[in-house]
Amino acid sequence: MNAGSADPDLTPVKRRVDATVDEVWAVLCDGWLYPLWVVGASRMRDVDRDWPRPGSRLHHSVGSWPLLLDDNTEVLSLIDAKELRLKARAWPAGEAEVRICLEASGNGTVVTIVEDASGGPGTLVPQPLRQMAITRRNVESLRRLAFVAEGRSARGQPGP
Numbered sequence: 014m015n016a017g018s019a020d021p022d023l024t025p026v027k028r029r030v031d032a033t034v035d036e037v038w039a040v041l042c043d044g045w046l047y048p049l050w051v052v053g054a055s056r057m058r059d060v061d062r063d064w065p066r067p068g069s070r071l072h073h074s075v076g077s078w079p080l081l082l083d084d085n086t087e088v089l090s091l092i093d094a095k096e097l098r099l100k101a102r103a104w105p106a107g108e109a110e111v112r113i114c115l116e117a118s119g120n121g122t123v124v125t126i127v128e129d130a131s132g133g134p135g136t137l138v139p140q141p142l143r144q145m146a147i148t149r150r151n152v153e154s155l156r157r158l159a160f161v162a163e164g165r166s167a168r169g170q171p172g173p
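Numbering (this note's numbering), first residue to last: 14 to 173.
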């Protein structure tokens with residue numbers, strides 16, 4: 014997936030969040046919050062000190078106890094308060110490239126996620142079927158992200 018171009022076979026998932034771009038970006042920049050909003054991530058083990066700079070990683074687990082797998086998510090690139098590109102790993106299922114974009118919308122933010130499998134067994138699933146599952150997962154992830162960002166915004170939590 015190329016951050017600069019739109020792949021017509023990928024399904025973008027969008028949601029308007031009642032929090033400013035800076036407030037949503039602050040949630041994305043706090044790696045310890047990752048399992049609160051990312052469907053499938055169950056716990057954090059560590060967050061690189063320079064998260065979310067390119068090359069930095071979140072060290073998380075996926076699954077449910079006692080069937081937890083330890084893996085990581087790496088920042089591929091970022092444009093401050095606008096776009097975050099990640100390589101999310103969840104082996105043995107594989108890995109995915111994820112692009113999260115933020116755009117101001119009045120007093121809120123439109124968040125868009127585009128994702129696709131980029132390695133491992135997940136790439137063997139036909140793309141239309143893969144996108145159906147990814148879309149459902151990302152609808153829920155954005156719902157959770159909205160809860161976190163809006164909740165922090167309503168309580169006047171500081172930004173980054």
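All residues carry an ideal CB built from backbone N, CA and C; glycine is no exception. Since this is a predicted model, take the numbers as computed values, not measurements.
If you draw a straight line from the C-alpha of Gly98 to the C-alpha of Trp64, how long is it?
Note that residue 98 is Arg in the sequence shown, not Gly. Roughly 12 Å between the two C-alpha positions.
Who are the near neighbours of Asp22 in its chain, counting only those whose CB is closer than 6 Å to its CB and skipping five residues on each side?
Gln140
Where Arg149 sits in the DSSP three-state scheme:
helix
How far does the beta strand (DSSP E) with Leu49 in it extend, from its first residue to its last?
Run containing Leu49: none in the beta strand (DSSP E); it sits in the alpha helix (DSSP H), Tyr47 to Trp50.
Within the segment 83 to 150, ranges of the alpha helix (DSSP H) (whole runs, at least 4 residues)
none
Sort out for me which residues DSSP pairs Ala32 with in a bridge.
Paired residue(s): none; Ala32 is not in a bridge.
CB-CB under 8 Å to Leu91, same chain, minus the five flanking residues each way: which ones, in chain order?
Pro65, Arg66, Pro67, Leu97 and Arg98
Can you round the beta-carbon distance between Ala54 and Val75 to whole angstroms, since I take them to be within the 8 Å contact cut?
6 Å
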